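Note that this note's numbering has the sequence shown beginning at -1, numbered continuously upward. By construction, the Cβ of each residue, glycine as well, lies at the ideal position given by its N, Cα and C atoms. Keep in mind it's a predicted model, so treat the numbers as computed, not measured.
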Amino acid sequence: PVAGLSYLLYTLGLERYSDSIVGESLRFRGKLGTQLGRLGLSNDIQWTRSTPRTSDGGTGASSEAVRLAHQASLRLGRVRNRLRVGYDVSPEFAWVDLQANTYWPINDRWSSELDLQHDVSLERTRGQLRVNLEHPKFTLSPRLTLDNDGTYGAFVDLRLSTGVEPMTGRVHVQRRSAARDGTLAVQVFYDTNGNGVLDDDEQPLRDVEVQAIQARRSAITDINGVALMRNIRPLQTSDVQVVPASLPEA
């Protein structure tokens, strides 16, 4: 515990962007959060220094800006509630936005969300109601929106991720994003000549359990002797072993 709090979670980031036409910028981001019982608190700060390019290829005067945001989240039973407020403190104080969200997981496959967002600069308030159907291969989300000027909309979002399995060439479809996950492919077979390659006269082994030790994943081989262990941290390396008890009798 830190200062009587259960924990303090912080992240820091620094990035530099340079473009020969637009200009360059330096940005620092910091986040500090903690938990007080059911109440979660987080604070964000973003400092940006921008230097534009002039028409003759030179650099213009630099400007700096600081933006803060505070967020509180509260769980009431299965319902999760979140409130966020953002504002600029430099070069001058100005409110940016206000956001409120309620998320209700109805059951294992259905959930609903209610969002309310107010953009101060645009003087626009938007409410949104969304219902999510979470299938193992996709998420289907019909939603309704209503703005304070009377504009309304009805939409249906379909979210899924696809990829080609490296050993079989089959297209794999899943609900969660595959771009942020790694996949480990393993093929198990009787290597009768010991050359480490599956030859035409050798037999793949199905229903064999393989384990990725460091990644803490396991899977069962299919009819082609292939096991795929998904949701692994990108670029993570791991030793792989076969569970001897799952091998067929010779």
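Let me check one thing: in DSSP terms, what residues is A152 bridge-paired to?
Looking at the DSSP assignment, A152 forms a beta bridge with L142.
Is it right to say G223 is buried, meaning 16 or more other beta carbons lie within 10 angstroms of its own, or is it exposed?
It is buried - the Cβ of G223 has at least 16 other Cβ atoms within 10 Å.
Where G21 and A210 are concerned, what is the direct C-alpha to C-alpha distance, given to the nearest angstrom?
Computed Cα separation, rounded: 46 Å.
Taking the runs of the alpha helix (DSSP H) that are 4 residues or longer, which of them lie wholly in the stretch 31 to 114?
As far as the stretch 31 to 114 is concerned, it has no whole alpha helix (DSSP H) run of at least 4 residues.
Where V154 and D106 are concerned, what is the direct C-alpha to C-alpha distance, given to the nearest angstrom?
Whole-angstrom Cα-Cα distance: 20 Å.
Would a C-beta distance cut-off of 8 Å place T181 and V169 closer than the cut-off?
Cβ atoms of T181 and V169: not closer than 8 Å.
Pull up the distance between the alpha-carbon of E200 and that of S244, whole angstroms please.
If you take the alpha carbons of E200 and S244, they lie about 19 Å apart.
Quick one: grab the DSSP three-state call for S244.
DSSP places S244 in helix when its eight states are reduced to three.
Hey, S88 and V64 are a contact pair by Cβ (cut 8 Å); roughly how many whole angstroms apart?
Confirmed, Cβ separation roughly 4 Å.
Using 8 Å as the threshold, is the C-beta distance between V238 and V206 below it?
It is not a contact, given that the beta carbons lie outside the stated cut-off.
For E132, which of helix, strand or coil comes out of DSSP?
Here E132 sits in strand by DSSP.
Using 8 Å for Cβ pairs, my map puts R124 next to T143. What's the rounded Cβ distance?
That pair is a contact at about 6 Å.
Using 10 angstroms around the beta-carbon of T52, count the other beta-carbons present and answer buried if the total reaches 16, otherwise exposed.
By the neighbour-count rule (16 or more Cβ atoms within 10 Å), T52 is not buried but exposed.
For G125, list the residues DSSP reports as bridge partners.
In the DSSP output, where bridge partners are listed per residue, G125 has L114 and L144.
Which residue comes first and which comes last in the beta strand (DSSP E) that contains A217?
Its beta strand (DSSP E) spans residues R215 to I218.
Beta strand (DSSP E) containing I211: first to last residue?
Per DSSP, I211 belongs to no beta strand (DSSP E) and is neither H nor E.
Can the beta-carbon of T57 be found closer than 8 Å to that of S23?
No. Outside cutoff.
Locate the beta strand (DSSP E) running through Q172, then write down its first and last residues.
Here the beta strand (DSSP E) through Q172 covers V169 to Q172.
To which residues does DSSP link P232 through a beta bridge?
Paired residue(s): none; P232 is not in a bridge.
Buried or exposed: N146, going by 16 or more other Cβ atoms within 10 Å of its Cβ?
Exposed, by the Cβ-count rule.
Rounding to the nearest angstrom, what Cα-Cα distance links V94 and L6 in this structure?
Going from the Cα of V94 to the Cα of L6 covers about 26 Å.
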